[in-house]
Amino acid sequence: MKFDRVVTVDWSGGNDRGATPKKDAIWAAIGSGGAAQDPVYLRNRQVAERWLIDTLTDLRDQGLRVLVTFDLCFAYPDGFATQLIGSEDTLALWDWFAARVEDAPDANNRFDLAAQINAQFLGTGPFWFNGLQRDIAGLPRKGNARKDHGLPEKRSADLAVAGSFSPWQLAGAGAVGGQVIMGLPTLSRLRHHFGADLCVWPFQPVDAQIVLAETYFSQLPDLIDASRDTIKDAAQVMLYARAFSALSPDKMAALMDIDATPEGWVLGAGRAEILRAALPPPSLRNDCFAMPQGVHWTPVDTALAHLRSHLGPVTQTQYLPIAQAANRILAADVQAARAHPPAPNSAVDGYGFAGPMPEGPQNLSLVAGRSAAGQPYSHPVPAGSAIRILTGANLPQGVDTVILQEDVQLAANNIRFNGPLKRGANARDAGEDMRKGDVILTLGRRITPADIGTMAAAGVGQVSVHKRLAVGILSTGDELRDPGTTADDGQIFDANRPMLCALVAGWGHAVVDLGRAPDNRAKLRNILDDAAKRCDVIISSGGASAGDEDHMSALLEGTGSFALWRIAMKPGRPLALGLWGDRPVIGLPGNPVAAMVCALVFARPALRQLAGGTWAQTEGYLLPAAFEKSKKAGRREYLRARVDDGKVHVFPSEGSGRVSGLSWATGLVELDDPAQKVSPGDLVRFIPFGNYAL
4 MKFDRVVTVD WSGGNDRGAT PKKDAIWAAI GSGGAAQDPV YLRNRQVAER
54 WLIDTLTDLR DQGLRVLVTF DLCFAYPDGF ATQLIGSEDT LALWDWFAAR
104 VEDAPDANNR FDLAAQINAQ FLGTGPFWFN GLQRDIAGLP RKGNARKDHG
154 LPEKRSADLA VAGSFSPWQL AGAGAVGGQV IMGLPTLSRL RHHFGADLCV
204 WPFQPVDAQI VLAETYFSQL PDLIDASRDT IKDAAQVMLY ARAFSALSPD
254 KMAALMDIDA TPEGWVLGAG RAEILRAALP PPSLRNDCFA MPQGVHWTPV
304 DTALAHLRSH LGPVTQTQYL PIAQAANRIL AADVQAARAH PPAPNSAVDG
354 YGFAGPMPEG PQNLSLVAGR SAAGQPYSHP VPAGSAIRIL TGANLPQGVD
404 TVILQEDVQL AANNIRFNGP LKRGANARDA GEDMRKGDVI LTLGRRITPA
454 DIGTMAAAGV GQVSVHKRLA VGILSTGDEL RDPGTTADDG QIFDANRPML
504 CALVAGWGHA VVDLGRAPDN RAKLRNILDD AAKRCDVIIS SGGASAGDED
554 HMSALLEGTG SFALWRIAMK PGRPLALGLW GDRPVIGLPG NPVAAMVCAL
604 VFARPALRQL AGGTWAQTEG YLLPAAFEKS KKAGRREYLR ARVDDGKVHV
654 FPSEGSGRVS GLSWATGLVE LDDPAQKVSP GDLVRFIPFG NYAL
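Here you go:
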């Protein structure tokens with residue numbers, strides 16, 4: 004299903020927003036081939052309708068096929084249209100609104116019209132939130148004032164999109180109801196203006212030159228690129244113009260292949276991973292590692308905050324069966340496909356009946372048969388009777404309470420026990436763990452084995468995940484030799500590369516061993532060029548300072564993206580950061596202890612965020628010290644440490660050259676920036692290596 008252009012429209016139910024672009028106004032964008040033109044600000048609905056007609060006429064006359072997506076409900080929950088116009092004909096409902104909505108740039112009648120509609124329903128509602136100062140009979144200001152109107156709060160499509168709002172709310176935060184009332188007349192007029200050249204998905208066959216479709220601009224929340232200088236609405240229409248126009252014809256057909264109902268559907272609902280996969284991840288900015296001018300020594304917390312705010316996902320996404328998704332990072336929220344448990348069931352082996360039971364002896368007759376897990380009893384249980392029921396079995400009709408078999412005396416055809424027993428005892432409600440549509444796991448989470456079980460229980464078969472981050476590991480220096488080979492007194496074995504490869508693999512990323520680079524700038528350049536083709540991120544060790552043989556720093560400086568961070572910490576001061584092409588490069592110190600500590604403190608959270616995960620905040624524990632230490636102010640220190648007999652011991656030497664201390668230790672003691680004196684028994688912050696995901 005091919006479209007030459009995609010027009011995305013973020014609608015508004017408010018009045019004229021003025022000549023200067025503002026949020027909560029109408030914005031539009033045009034996309035083609037995964038790229039979007041600059042967003043268009045449309046100050047009111049009259050201007051927007053004229054722009055749409057002119058734009059679509061021009062595109063139609065060029066012979067282009069156009070998809071127009073509106074962030075606007077095209078229909079209401081089931082039963083609304085029938086009460087209003089006598090049938091669930093959604094397009095006829097559009098015409099009904101077009102005939103009754105009064106709309107001028109500075110005023111409209113949406114609140115009064117909503118009150119008139121409410122009067123045609125029993126009870127109070129469904130519309131609510133009178134946004135005017137004057138009271139309007141029949142239009143409550145609060146949602147909890149509604150009752151007995153008989154309509155669902157949301158459509159099935161709304162439930163398929165996390166965070167969606169009800170179309171009954173007319174004002175306030177998340178007020179899509181006002182947008183719908185003020186949007187349907189425009190949709191109606193577009194239909195009649197373009198006639199046979201326009202169709203509406205999913206209510207009509209998608210065979211016209213112009214196709215209107217409903218979507219929600221909340222399906223890719225983490226990809227909205229709205230800085231302080233960018234209006235979010237403008238960023239949204241550009242993102243979705245890029246996403247929809249980037250879809251291949253078969254992927255677009257997959258999104259549109261649904262079983263249509265009068266409630267309609269949200270294009271992409273429940274399939275946001277298809278949209279996400281069509282978009283290339285955004286590139287990092289060339290100055291993403293630049294610290295403010297005048298910063299010479301960077302505190303650890305400042306460096307971490309900078310990485311957290313400037314790094315984002317650089318990987319594309321894919322759809323995997325949950326059995327293959329362990330340790331992958333979720334690219335979209337996971338919603339329960341069905342309730343868990345799906346039906347009320349028994350928490351114990353025992354006997355089920357209708358509760359509650361009063362105090363004193365009770366005698367209930369037993370019905371023939373039983374209810375077991377996977378073999379439910381299919382008949383009602385009469386009042387005053389009980390049924391044998393096993394753990395996990397569905398509660399038959401007429402049963403809401405279960406008594407433990409140990410508390411029952413069993414006779415031939417009856418049971419005896421002593422009350423009282425409250426209604427619902429030993430019974431689980433349907434959905435008490437998870438309800439259908441609940442968000443059970445959020446995007447950015449690294450999937451654990453427990454998460455696999457949770458998703459399986461909720462009926463989830465596949466999930467959208469980020470592709471593994473490909474991390475290139477490179478060592479630099481003429482003095483290095485591979486472990487296991489021969490080396491003279493002026494050479495050392497390369498400890499960093501195998502150590503960092505193992506570390507990165509343990510974090511769940513794909514390791515690309517880039518070998519060793521000599522102290523030759525031309526050869527290092529070639530290695531980096533090759534690595535940029537194979538890796539998402541490059542981590543090097545050595546050559547990260549500003550000396551004559553620090554070729555990595557020199558090459559990065561030539562890209563205009565270089566930043567040498569002198570971190571106020573021990574061990575490990577210099578971090579060289581930059582971009583080679585669009586690939587981030589993290590240059591660690593050459594000393595193995597400093598390289599390890601800097602990798603744990605900085606590389607781990609940076610890689611996790613580049614891989615699409617949430618920021619990795621490392622937790623520590625306060626334990627009594629078994630050592631004495633005096634520390635000056637101005638830098639943070641990390642001591643190799645282990646816990647024995649509930650107390651923290653540190654490695655005898657703080658020297659960064661003592662690599663064996665890494666194996667001796669089971670974690671790090673973190674001493675904060677201010678000066679401090681640690682005496683035995685004082686509480687210190689101990690961070691186990693396990694908390695660094697080792």
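Going by my numbering, the letters in the sequence shown line up with residues 4 to 697, in that order.
Just so you know, even glycine gets a beta-carbon here, dropped at the ideal spot from N, CA and C.
With 16 or more other CB atoms across the displayed protein chains lying within 10 angstroms of its CB, V474 is buried.
If you draw a straight line from the Cα of F565 to the Cα of M458, it is about 43 Å long. Looking from the CA of I541, the closest CA among S682, A376 and G518 belongs to G518. Nearest in C-alpha terms to F83, of all of T404, A122, A256 and E673, is A122.
T11 has A32 and T72 as its beta-bridge partners, per DSSP.
Just measuring C-alpha positions, the residue of F292, I418 and A165 sitting nearest A340 is A165. When the alpha-carbon of T127 is set against those of N111, A110, A107 and H152, the nearest one is in H152. In the structure shown, the three-state DSSP call for H382 is coil. Only exposed fits A371, as fewer than 16 other CB atoms lie within 10 angstroms of its CB. The Cβ neighbour count for G377, taken over all protein chains shown within 10 Å, is under 16; the residue is labelled exposed.
Closest option to L697, judged by alpha-carbon separation, among H512, A678 and P521: H512. As summarised for the region 33-118, the continuous beta strand (DSSP E) elements at least 3 residues long and confined to that stretch are 43-45 and 69-73, given in chain order. Taken atom to atom, the span from the alpha-carbon of G615 to that of A246 is near 18 Å. One Cα belongs to V337, the other to D27, and the distance between them is close to 29 Å.
Rounded to whole angstroms, the Cβ separation of A597 and P574 is 4 Å, and the two are in contact under 8 Å. Distance between Q239 and L258, taken at the CA atoms: about 19 Å. With a beta-carbon spacing of about 6 Å, V672 and V653 fall inside the 8 Å limit used to define contacts. I390 and P155 have their C-alpha atoms some 35 Å from each other.
Burial of L75 is indicated by the presence of at least 16 other C-beta atoms within 10 angstroms of its C-beta. In the DSSP assignment, G475 falls within the unbroken beta strand (DSSP E) covering A473 to T479. For W510, the three-state secondary structure derived from DSSP is coil. Annotation for R63: V69, F197, D200, Q212 and I213 place their beta carbon closer than 8 Å to its own, counting only its chain and skipping 5 residues before and after.
When the beta-carbon positions are compared, P345 and A430 stay at least 8 Å from each other. The DSSP assignment places no complete alpha helix (DSSP H) segment of no fewer than 4 residues inside the region 367-432.
Shown here, K5 sits in coil according to DSSP, grouped into three states, outside any helix or strand. CA-CA distance, Y354 to P383, rounds to 14 Å.
Assignment of beta strand (DSSP E) within the region 529-607, counting only whole runs of 3 or more residues, yields 540-544, 566-569, 577-583 and 586-591 in chain order. With 16 or more neighbouring CB atoms inside 10 Å of its own CB, G440 falls in the buried class. Residue pairing by DSSP leaves P347 without any beta bridge partner. Spanning the alpha carbons of N111 and I277 requires a straight line of approximately 38 Å. In this structure the region 77-95 does not lie against the region 18-32, because fewer than three pairs of beta carbons, one per stretch, are closer than 8 Å.
A Cβ-Cβ separation of about 5 Å places Q222 in contact with G271 under the 8 Å criterion. In this structure V442 is exposed. Its beta-carbon is surrounded by fewer than 16 other beta-carbon atoms within 10 angstroms.
DSSP places Y695 within a helical segment (H, G or I) once states are collapsed to three. Only buried fits K470, as 16 or more other CB atoms lie within 10 angstroms of its CB. Cβ neighbours of N694 within its own chain (closer than 8 Å, five residues either side excluded): T621, E622, G623 and G670.
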